Each structure stands twice: as structure tokens, then as C-alpha cells.
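Read the structure below first, then the notes.
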Amino acid sequence: MDWIINLFTNTDSVAHIALLYATVIAAGVYLGKIKFGGIALGVTFVLFAGIAAGHFNFTAPPAILTFVQDFGLILFVFMIGLQVGPGFFESFREGGVKLNALACSIILLNILVMFACYYIFFDTSDPNNLPMLVGTLYGAVTNTPGLGAANEALNSIFANDPPAIANGYACAYPLGVVGIIGATILIRFICKVKLHKEEEDLESHEKANTAAKPCLMHLSVENSYLAGHTILEIHEFMKRDFVFSRLLRNGEIIVPKSSTVLEHGDKVFCVCAEADAEAIIAFVGPKVDVPEFKEQAAAKQMVSKRILVTKSEINGKTLAKMHFSSVYGVNVTRVTRQGMDIFASSNLALQVGDRIMVVGDATSVNRVASMMGNAIKRLDHPNIATIFIGIMLGILFGSIPFAIPSIPVPLKLGIAGGPLIIAILIGRFGYKFHLVTYTTTSANLMLREVGLVLFLSSVGIKAGANFVNTVVAGDGLLYVLCGFIITVIPILIIGSIARLRYKFNYFTIMGMIAGSYTDPPALAYANSVCSKEAPAVGYSTVYPLTMFLRIFTAQIIILFFCG
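When the letters of the sequence shown are read in order and numbered with the numbering used here, they come out as residues 5 to 567.
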């Protein structure tokens with residue numbers, strides 16, 4: 005039996021360290037699935053499993069714990085940045101600006117309420133109290149990357165024995181999850197919201213907001229002005245995006261090119277944005293029923309096919325530069341990206357993972373499919389090179405010191421902020437440098453979760469030795485109270501303003517609040533009470549900026565006020 009005792013007690017053994025992490029992570033993941041009042045803590049329970057292990061002296065050498073913690077944090081925040089990067093700048097479109105401003109207000113209020121609690125409830129002469137309350141703040145807003153950033157900043161200030169802020173995080177987190185959902189429900193009663201009325205408003209808005217959806221229609225060319233003009237000339241005159249993917253003339257179907265000259269009485273199959281449909285009909289001619297398209301298409305092997313872009317050399321090329329019509333004799337009418345249909349405008353840059361709708365004869369379409377790749381197995385493999393190039397650049401960028409007056413040490417974005425910013429930039433602009441950033445959702449989620457559980461387990465194990473003294477013998481209940489106040493007050497204030505002042509739909513507000521707190525359980529609750537996409541849209545609109553600010557402000561607070 006000596007071998008098993010040695011396995012659990014010899015902290016320098018590789019087998020012991022691997023067993024420690026496997027035990028803590030497995031226990032935390034399974035226990036996190038248990039629901040309390042219908043709410044589960046999820047993977048964050050790994051932190052509590054780590055605390056339990058550390059409390060019973062089931063631990064590893066500090067250097068190993070620190071390395072695994074930091075590497076897990078880098079991997080976690082980088083994959084988050086890669087995921088949100090493509091939509092980060094687009095989130096500031098109309099409507100998104102206000103939502104992001106409200107989310108920023110919530111973040112600011114969280115910090116202000118934390119400082120109010122600090123000055124009201126705690127001894128300000130104790131240098132450990134403010135860092136512990138910062139940990140409480142990030143537990144209250146359920147933001148683990150912020151905890152990691154704050155922890156890293158503390159290590160740069162306290163060379164020896166930095167405060168175990170994970171204890172404050174652990175105290176505040178459970179009520180943080182419950183408080184977010186509870187405060188969101190309370191807004192509903194404060195603002196006298198009727199859920200069925202909100203659903204009806206969403207349906208009305210969806211019908212009115214059709215600008216981004218593609219419209220497919222058959223038209224007869226009745227405008228005599230168009231006769232003798234090429235499709236390119238008509239494009240330039242109308243200043244609108246549309247595609248004539250097929251043309252019927254004298255009983256024969258052809259695939260028109262930009263140089264094709266239209267004649268009076270031609271029948272065309274037109275694809276355009278729904279917002280432009282009426283103007284195009286008014287200019288070209290009325291809608292008609294053209295059964296010959298199907299009959300002639302079958303006779304000439306005309307096909308419509310969705311083609312998957314999998315070749316890296318296509319990444320970043322615009323549709324205009326691909327010359328589909330003039331060189332290959334086909335038309336691209338729609339592009340599907342991340343489940344959304346996008347109109348195929350000439351300046352749209354293709355990305356690996358896009359699905360394009362190609363119309364033409366079977367031979368030409370197959371030729372284009374070969375050129376684009378159309379090999380789904382290619383996308384099953386994550387682009388490891390891009391990930392580690394990005395991590396390398398992120399660490400270098402995060403290590404650049406920025407000297408700011410009144411701060412005792414230079415400000416650095418560190419291993420949390422640096423990789424996050426680089427990942428966002430690569431996710432959005434990587435294709436311009438021939439970096440393929442596409443990863444399947446499952447691959448991104450797997451790498452992100454692995455990084456998260458490594459980070460949480462390491463933090464928990466390190467904090468476990470002093471957790472009982474901090475919580476039971478110390479100010480544990482006070483941290484719980486402060487965390488609940490930090491969670492609830494900003495939601496009630498900003499949520500009410502969003503509803504009463506800016507008239508946002510309640511379901512959009514629910515998503516915005518969940519995104520501001522980067523809290524998936526709150527989003528899951530919002531989705532459960534709404535049949536539309538509004539909560540997910542609100543969440544995804546504010547999530548990228550919120551995640552960045554949560555990480556960045558964590559370091560700012562520590563370096564400005566704890567140095």
C-alpha cells in the first residue's frame with residue numbers, strides 16, 4: 005500500500021500532480037452540474053473543488069501551480085478573443101452603441117459600489133482588504149478572466165505572499181449567479197413589463213427590419229431604358245447591390261455576366277437585399293412566374309449549390325476579386341457565415357468556413373467547388389499554428405511596460421490583457437495577413453474550457469489552505485453581503501434606465517445584463533422565457549467589449565489603488 009500513499013503525498017511526482025488536477029477537475033465539473041433552485045454553477049465549481057483539495061493539503065509545488073494557472077488563463081482568454089474578434093467592431097453598429105454604453109455603465113457602477121462597500125464596511129488601513137474586495141467584485145460579476153488579471157497584477161506588486169483574492173471570489177460567486185437572475189426578474193416588475201407584449205414587439209420589429217435578408221424573385225425586363233445596357237452599367241446607375249443569376253431569352257437560359265447586355269422582355273432571376281427589392285422592381289420590371297427556369301435548368305444541368313470555403317488562400321479575398329461571373333460563368337448569390345445569410349455584395353471578403361450559394365451549369369459549379377476547397381474534413385482540424393502565433397504575440401504585447409505617473413510599477417496588459425487584444429485583432433483582421441482563424445465551435449469551446457479548468461483548479465488549490473480562516477474566522481459573511489450588493493444595485497439602476505429611458509425590449513435588456521456580467525446561466529434563463537433571438541443578440545452585442553473591460557479594469561484597480 006506504500007505506492008498509493010506515496011502517490012497522494014509525494015508532491016514532486018508527476019503522477020501526483022496529474023492525479024491532483026484530474027481529481028479536482030473531474031469532481032468540480034460533475035458537482036457543477038447539480039442544480040440548486042434550478043441553477044447550476046457549472047464549470048466554475050472546479051474552483052470550489054480546488055479549494056477543498058488545498059484545504060486538506062492535497063496540493064502541488066507552488067511553481068507548478070503558478071505555471072498551470074497562468075498557462076490556463078492565457079489559453080482561456082485567447083480563445084475568448086478569437087471567438088468574439090469577428091464581431092467585436094461590428095457590435096458598435098446602430099443600437100449596439102447604446103447597449104455597449106449601458107454595459108460600460110454597469111461595469112463602472114460595479115466598481116463604484118465595490119469602493120463604497122470598502123469605505124463603509126472595511127478597515128482601510130489594512131492593505132489586504134481592498135485586494136480581497138477586488139476578488140469579491142469579480143465573483144459578484146461572475147467574471148473569471150478578470151480574477152486572473154487582478155491576480156496577475158497583484159503578483160507584480162506583492163513579490164511575496166500576495167493576498168488570496170480567490171477567497172473573496174469564491175464567497176461572492178454563488179450569490180452572484182442567483183443575484184443576476186433575481187435582479188433581472190425584479191426589473192420586470194419595477195417597469196411593469198408584460199412578456200407577451202414584448203414578444204409581439206419583437207415580431208413586429210423582425211418584419212420591419214429586413215434590410216440584411218436576401219430576397220429572391222423573378223423579374224421581367226420591361227423598362228425600355230435598360231435595353232442595350234450591360235448589367236454592370238445598370239449596377240453603376242442604380243447604386244444598389246443585386247445579382248442576376250439566370251436570364252431567360254428566346255426560350256434559352258444563360259448565366260449572365262457583368263458584360264451581358266439586357267433586352268426588353270428578358271426574364272431574370274434576381275437576388276438582392278429585401279430593403280432594395282421594391283426599388284429594383286420599380287426600375288427593372290414586375291415580378292413574374294417563370295416555370296421555364298426549372299425546366300431549362302434541368303435540361304442544361306443548371307444547378308444551385310452551397311460550397312464550403314476551406315482553402316486558406318481564399319481567406320480575405322472579396323467576391324469582386326474572385327471574378328466568378330466573368331471567368332467561371334457562375335454567380336454567387338448568398339453567403340452563409342456562422343448560421344447567418346449575408347447578401348453577396350461585391351466587396352464582401354470571404355473567410356474560411358463561409359458557405360457560398362453558387363448558380364451555374366453543373367461543370368462550372370463543380371470547378372468552383374474544387375477551387376474553394378469544399379472539404380468539410382479540413383475544418384475539423386483547428387489551426388494550431390495561428391493559435392500559438394497569436395499567443396506568442398499576445399505575451400510579447402502584454403509584456404510592454406507603459407509608465408504612468410503616480411503608479412508605482414509600469415502598467416502592463418499582462419498575460420490576460422495582451423493575448424485577449426491580439427486574439428480580437430487576429431479574429432477580425434487575421435485574414436489580411438493570411439492567418440486562418442477559423443476553428444469549429446466545438447474546438448474553440450474545448451480549448452477554452454481546458455484553459456478555464458486549469459486556471460480555476462490552480463487558483464482553488466493555492467487558496468484552499470487559508471480559505472476556512474478567511475471565510476469562517478474572518479470576514480467571509482461580509483464578503484458575501486458586499487458581493488450581493490455589487491451584483492444587484494447596478495442591474496436595477498441600469499436595467500431600469502434601459503427600459504424607461506431608452507425603451508429597449510425587455511428581452512434585449514436581459515441579454516445585455518447577462519453579457520455585461522459574462523454570465524451564461526443568466527443568458528440561459530433569458531432564452532428559456534423568450535422564443536426569439538433577442539436575448540442572444542443583446543448578449544453577443546455587449547460581450548466582446550465587456551470581456552475586454554472586465555480584464556483591463558481589474559489590472560487598473562490593482563495597480564492604481566493597491567500599489
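Every residue gets a Cβ at the ideal spot worked out from N, C-alpha and C, and that includes glycine. Quick caveat, the model's predicted, so the values are computed rather than measured.
Proximity of residue i and residue j at Cβ, strictly below 8 Å
| i | j | result |
| --- | --- | --- |
| GLY464 | GLY54 | yes |
| ASN227 | PHE287 | yes |
| ALA502 | ILE513 | yes |
| ILE555 | PRO149 | yes |
| PHE80 | LEU456 | yes |
| ALA64 | ALA467 | no |
| VAL28 | VAL50 | yes |
| LEU179 | VAL484 | yes |
| ILE311 | ILE360 | yes |
| ALA353 | LYS321 | yes |
| MET396 | LYS315 | no |
| GLY515 | GLY542 | yes |
| LEU134 | TYR142 | no |
| LEU568 | LYS416 | The displayed coordinates of the chain run from 5 to 567. Any statement about residue 568 would go beyond what the structure contains. |
| THR491 | GLY289 | no |
| GLY418 | ALA170 | no |
| ILE115 | THR557 | yes |
| ILE111 | SER520 | yes |
| CYS195 | LEU504 | yes |
Backbone secondary structure at residue i - three-state DSSP
| i | result |
| --- | --- |
| THR63 | coil |
| ASP127 | coil |
| PHE246 | strand |
| ASN335 | strand |
| ASP594 | No statement about residue 594 is possible, as the shown extent of the chain runs from 5 to 567 and does not include it. |
| THR390 | helix |
| VAL81 | helix |
| CYS274 | strand |
| ALA215 | Any reading at ALA215 is ruled out, since the residue's pLDDT is 41, under 50, leaving its predicted position unreliable. |
| PHE508 | coil |
| ALA353 | strand |
| SER224 | strand |
| THR27 | helix |
| VAL145 | coil |
| LEU252 | strand |
| ALA303 | Low confidence applies here, because ALA303 scores a pLDDT of 49, under 50, leaving its location unreliable; read the following figure in that light. In the structure shown, ALA303 sits in a helix (DSSP, three-state: H, G or I). |
| LYS436 | helix |
| SER109 | helix |
Buried or exposed (CB count within 10 angstroms, at least 16 for buried), residue i
| i | result |
| --- | --- |
| LYS201 | exposed |
| ASN10 | exposed |
| ARG432 | buried |
| THR337 | buried |
| PHE62 | buried |
| PHE508 | buried |
| ALA366 | exposed |
| PHE511 | buried |
| LEU137 | buried |
| VAL265 | exposed |
| VAL247 | buried |
| VAL101 | exposed |
| PRO545 | One point to set straight first is that residue 545 is Thr, not Pro, in the sequence displayed. Buried is the call here. |
| THR550 | buried |
| ARG250 | buried |
| LEU400 | exposed |
| PHE406 | exposed |
Boundaries (first-last residue) of the alpha helix (DSSP H) holding residue i
| i | result |
| --- | --- |
| ASP6 | 6-13 |
| ASP280 | 278-288 |
| ILE318 | That residue, ILE318, is in no alpha helix (DSSP H); it is neither H nor E in DSSP. |
| PHE433 | 418-433 |
| LYS325 | 323-326 |
| ALA176 | 170-194 |
Bounding residues of the beta strand (DSSP E) (the contiguous stretch that carries residue i)
| i | result |
| --- | --- |
| GLU156 | GLU156 -> not in any beta strand (DSSP E); alpha helix (DSSP H) instead, spanning 148-161. |
| SER262 | SER262 -> no beta strand (DSSP E), and no H or E assigned at all. |
| ILE360 | 359-365 |
Cβ-heavy atom distance, residue i to the ligand SAH, below 7 Å
| i | result |
| --- | --- |
| VAL356 | The model depicted lacks the ligand SAH and carries no ligand whatsoever. |
Other residues of its chain near residue i: CB distance less than 6 Å, five sequence neighbours each side excluded
| i | result |
| --- | --- |
| LYS271 | SER224, LEU252, VAL294 |
| LEU458 | VAL72, GLY76 |
| ALA31 | ALA53 |
| HIS222 | PHE273, VAL292, VAL294 |
| ALA281 | CYS219 |
| SER308 | VAL363 |
| ALA303 | Reliability of the predicted coordinates at ALA303 is poor, the pLDDT of 49 falling under 50, and the value obtained from them is presented with this limitation in mind. Excluding residues within five positions, none has a Cβ falling inside 6 Å. |
Neighbourhood of residue i by C-beta distance below 7 Å, restricted to the same chain and skipping five residues each side
| i | result |
| --- | --- |
| ALA56 | GLY468 |
Chain-order list of residues whose beta-carbon lies under 8 Å from that of residue i (same chain, five-residue window excluded)
| i | result |
| --- | --- |
| VAL47 | GLY32, VAL33, GLY36, GLU453, LEU456, VAL457, LEU460 |
| ALA215 | Low confidence applies to ALA215: its pLDDT is 41, below 50, so where it sits in the model is not reliable, and the reading given next is rough at best. These residues qualify, in order along the chain: ALA277, GLU278, ALA279. |
| SER350 | ASP245, THR322, LEU323, ALA324 |
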